[in-house]
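*Asks:*
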Amino acid sequence: MAVIREQIDTAVKLIRSAETCAAFSGAGISTESGLADFRSPGGLWDRYRIVTHPEFLRSKEARLEYWRMRRELIPAILNARPNRAHEVLAELEQSGKLHGVITQNIDGLHQAAGSKNVMELHGTNRTASCLSCGKQWPIEDIQQLLETGDLDPHCDLCDGLINPDTVSFGQSMPEDVMNAAFQAAQNCDLLLMIGSSLEVQPAASVPIAAYQNGAKLIFINKTETASDDLAELLVRGSAGDFMAAVMEEF
Ligand code: APR
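Position one of the sequence shown corresponds to residue 1 (our numbering), numbered consecutively onward.
1. Can you tell me which of Val88, Ala18, Ala128, Cys130 puts its alpha carbon nearest to the alpha carbon of His110?
2. Using a strict less-than 6 Å threshold between each residue's beta carbon and the heavy atoms of the ligand APR, what residues do you get?
3. Output the distance between the C-alpha atoms of Asn221 and Glu199, rounded to the nearest integer angstrom.
4. For Gly28, does the three-state DSSP call read helix, strand or coil?
5. Could you tell me the boundaries of the alpha helix (DSSP H) in which Ala210 lies?
6. Contact between the segment 191 to 210 and the segment 154 to 163: three or more CB pairs below 8 Å?
7. Which whole-angstrom value is the C-beta distance of Gly28 and Ala231, which I expect to be below 8 Å?
8. Let me know the secondary structure DSSP gives Pro54 once reduced to three states.
9. Give the C-beta separation of Gly160 and Cys130 to the nearest angstrom, bearing in mind that I take them to be a contact with Cβ-Cβ under 8 Å.
10. Does the segment 25 to 41 come close enough to the segment 181 to 194 that 3 or more CB-CB pairs lie under 8 Å?
11. Just the C-alpha distance for Gly237 and Ala184, rounded to the nearest angstrom, thanks.
12. Mind checking which residues open and close the beta strand (DSSP E) that includes Leu192?
13. In whole angstroms, what is the alpha-carbon distance linking Lys13 and Met243?
14. Taking the beta carbon of Pro82 as the centre, do at least 16 other beta carbons fall within 10 Å, making it buried, or is it exposed?
15. I'd like to check one pair, Val51 with Ala62: are the Cβ atoms closer than 9 Å?
16. In angstroms, rounded to a whole number, what distance separates the CA positions of Glu175 and Gln201?
17. What are the boundary residues of the beta strand (DSSP E) that includes His99?
18. Look up Asn163 in the DSSP assignment and give the residues it is bridged to.
19. Going by other Cβ atoms of all chains shown within 10 Å of its Cβ, with 16 needed for buried, is Leu73 buried or exposed?
20. Which of the three DSSP states, helix, strand or coil, is assigned to Lys13?
21. Tell me whether Trp137 is buried or exposed, calling it buried when 16 or more other Cβ atoms sit within 10 Å of its Cβ.
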C-alpha cells in the first residue's frame, strides 16, 4: 500500500503544480463501468473479428459480423454509468485544472460524467448515420432494428447502409477532432493517460506529442504499454480506485 500512497501523493503534487492538464483515455477507463475493453483477456477482440470499413462496405457477410459485435456493445453502453475515473476528470475540468479529455472511447461516458470538452478520436456509438444520405438516428433505434431481426440495417429513406458514427479500421479519422487533440496535447504541461494499450495509431501518438512538447505524463494502466518509459509516474492499477484516491487528496 505504501507504494500506492506515495504514487497518490506524487500524482496530487503533479496535478497541483500543473498549469494545464489534459487527459487521454482508452477502453480501460470504462471497464469499471462494466464495458469490456478490446485487448485484455476476454476483451472484444478475443470474441469478435475486426471488420474493416472497406469490408463493411462491400460484403453483407462482413456487415453481419460487424453488427453481431454491436448487438452486444450497444445495450452494454446504454446500460453503463460513468465510474469515479470519468467523474474525477469532469471535476478536474470544472475546477479549471483540466482543459479537455481526448478519448478513443465511443461510449459517451465522459460526457455522461459531466466533461464538456471531449475529443472523440474514434467517434461515438451513441448515434448512427446513413452512409449515403447522412440521415442520423439515436443508436437505440438501430438496436431496435437489430432486435427485430434486421441484422444488416439499411436507411428507410434511400436504402443506404447504416453505420454507427464511430471510426472503424480503414476509415479516416475526423480531421478537426485530431487537430484539436494534438493541439490539446501540445498545450498541456501534464497529461493523464488512463486505460489504453496505446496500440492503435494515430491515437497512440497523442500522449507522445504531449511528451515531446515537454509535458509530464502520468500513466494509469493495468498492463504495460510501449510508451511506459515516457511516464513521470507509472501507476499499475485500477483507474477508478486511483483517481478516486487522488481526488480525495486533491
Ligand atoms: N484500470 C486501468 N487500466 C485498465 C483497466 C482499469 N480498470 N481495465 C483495463 N485496463 C487497461 C488494460 O490493461 C489495457 O492495457 O486498459 C487498456 C485497454 O486497452 P485496449 O483494450 O487496447 O483499448 P484501447 O487502448 O482503448 O484500444 C484503442 O483500439 O480497437 C480499437 O477502436 C478501438 O478505440 C479502440 C482502440
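All C-beta atoms in this analysis are idealised placements derived from N, C-alpha and C, irrespective of residue type, glycine included. From a predicted model like this one, the values you see are computed outputs, not experimental measurements.
*Replies:* According to the data block:
1. Reading the sequence shown from its first residue, position 110 is the one you call residue 110. Taking only the C-alpha atoms, the option nearest His110 is Val88.
2. Here the residues come out as Gly26, Ala27, Gly28, Thr31, Glu32, Asp37, Phe38, Arg39, Ser40, Gly43, Gln104, His122, Gly195, Ser196, Ser197, Glu199, Val200, Ile220, Asn221, Lys222, Thr223, Ser238, Ala239.
3. On the sequence shown, position 221 is the one that residue 221 refers to. On the sequence shown, position 199 is the one that residue 199 refers to. A straight-line Cα-Cα distance of about 13 Å links Asn221 and Glu199.
4. Start at 1 with the first residue of the sequence shown, and residue 28 comes out as number 28. Here Gly28 sits in helix by DSSP.
5. Numbered from 1 along the sequence shown, position 210 holds the residue referred to as residue 210. Bounds of the alpha helix (DSSP H) holding Ala210 are 205 to 212.
6. No, the segment 191 to 210 does not touch the segment 154 to 163.
7. Here residue 28 refers to the residue found at position 28 when the sequence shown is read from its first residue. Here residue 231 refers to the residue found at position 231 when the sequence shown is read from its first residue. Gly28 to Ala231, Cβ: 15 Å. No contact.
8. Counting from one through the sequence shown, the residue named residue 54 turns up at place 54. Pro54 falls in the helix class under three-state DSSP.
9. The residue labelled residue 160 in the question sits at position 160 within the sequence shown. The residue labelled residue 130 in the question sits at position 130 within the sequence shown. About 4 Å separates the CB atoms of Gly160 and Cys130; that is less than 8 Å, so the two are in contact.
10. With the cut-off at 8 Å, the segment 181 to 194 and the segment 25 to 41 touch.
11. By one-based count along the sequence shown, residue 237 stands at place 237. By one-based count along the sequence shown, residue 184 stands at place 184. It is roughly 26 Å from the alpha-carbon of Gly237 to the alpha-carbon of Ala184.
12. Locating residue 192 in the sequence shown gives position 192, counting from the first residue. Residues 190 to 194.
13. Residue mapping note: residue 13 aligns to position 13 of the sequence shown, counting from 1. Residue mapping note: residue 243 aligns to position 243 of the sequence shown, counting from 1. One alpha carbon belongs to Lys13, the other to Met243, and they sit about 14 Å apart.
14. For this step, residue 82 is matched to residue 82 along the sequence shown. Sixteen is the threshold: when 16 or more other Cβ atoms of the shown chains lie within 10 Å of the Cβ of Pro82, as they do, the residue is buried.
15. Locating residue 62 in the sequence shown gives position 62, where the first residue counts as 1. Locating residue 51 in the sequence shown gives position 51, where the first residue counts as 1. In this structure, Val51 lies closer than 9 Å to Ala62 by Cβ.
16. By one-based count along the sequence shown, residue 175 stands at place 175. By one-based count along the sequence shown, residue 201 stands at place 201. For the pair Glu175 and Gln201, the Cα-to-Cα distance works out to about 14 Å.
17. One-based indexing of the sequence shown puts residue 99 at position 99. Looking at the DSSP string, the run of the beta strand (DSSP E) that includes His99 is 98 to 103.
18. Residue numbering aside, residue 163 sits at position 163 when the sequence shown is read from its first letter. Paired residues: Ser129.
19. Against the sequence shown, residue 73 aligns to sequence position 73. So Leu73 ends up on the buried side.
20. For the purposes of this step, residue 13 is taken as residue 13 along the sequence shown, with counting starting at 1. When secondary structure is reduced to three states using DSSP, Lys13 falls in the helix class.
21. Taking the first residue of the sequence shown as position 1, residue 137 is located at position 137. Buried.
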